[in-house]
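In terms of our numbering, the sequence shown opens at residue 67 and continues consecutively.
Positions of the beta carbon are idealized from the N, C-alpha and C atoms, including for glycine.
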Amino acid sequence: MLKRSQLSDHTAEEQKFVFENSYGVVFVYDDEKIVGVARALSDGLMQAAIYNVALDEEYQGHGIGREMINRLVAQLKGQNIILYTHPQTVLMYEKFGFRRAKTALELFDAGEEELKWMDDTGFFLPEGFRFCDEYKREDMKGPKWQSK
Ligand SMILES: CC(C)(COP(=O)(O)OP(=O)(O)OC[C@H]1O[C@@H](n2cnc3c(N)ncnc32)[C@H](O)[C@@H]1OP(=O)(O)O)[C@@H](O)C(=O)NCCC(=O)NCCS
């Protein structure tokens with residue numbers, strides 16, 4: 067399912083492992099067939115992270131994605147939630163009340179090719195990026211900036 071949505075290249079065994087090790091999961095079935103998935107990691111009390119939200123294309127646009135996210139968030143009641151998403155779904159999560167974070171940082175364990183794809187697709191802010199209210203701050207000047 068995640069392969070069909072181009073959200074993962076991992077094997078079914080690996081997906082089974084990560085879903086079984088997740089704190090909260092949502093599966094959408096059409097009869098016996100899984101057509102939607104979502105999962106969350108959590109420490110069980112304070113902090114949680116949502117991953118792998120995907121619904122088969124033919125089921126999209128009917129409110130099922132909203133229901134999936136609502137049900138996952140309900141399993142994380144009382145906890146702070148972070149999530150990374152595809153650039154094309156930022157607006158959708160904003161509709162669900164998520165705010166874009168100015169201080170979130172990512173360290174991905176991915177190959178050069180994948181990181182380049184993510185960069186080109188718009189997952190990252192440019193290297194050394196500073197927001198306009200930050201760029202004059204001395205404490206935000208890294209080695210790259212100091213040499214200029
Ligand atoms: C993202 C996804 C789960 C949404 O499921 P869905 O069933 O189509 O969504 P819904 O019909 O429940 O839509 C809920 C709301 O989100 C909005 N929405 C859905 N996809 C959107 C998008 N890509 N950008 C902006 N808004 C979006 C809908 O317009 C709707 O808003 P409304 O209530 O104001 O009308 C589904 O489109 C999907 O699996 N996409 C491919 C995988 C993906 O991109 N996953 C997210 C990255 S991890």
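In the three-state DSSP reduction, Y150 falls in the coil class, being neither helix nor strand.
In this structure, the straight-line span from the alpha carbon of Q113 to that of Y125 is close to 30 angstroms. For V139, the closest of P153, G110 and H128 by C-alpha to C-alpha distance is G110.
The closest heavy atom of ligand 1 lies 7 angstroms or more from the beta carbon of A106. Taking every protein chain shown into account, the CB of I100 has fewer than 16 other CB atoms within 10 angstroms, so this residue is exposed. Secondary structure note for N136: its alpha helix (DSSP H) is the uninterrupted segment I130 to A140. When secondary structure is reduced to three states using DSSP, L107 falls in the strand class. The C-alpha of D122 lies about 20 angstroms from the C-alpha of E80. Distance between Q145 and L107, taken at the CA atoms: about 11 angstroms. The shortest CA-to-CA distance from I148 to any of Y117, E200, E193 and D205 is the one to Y117.
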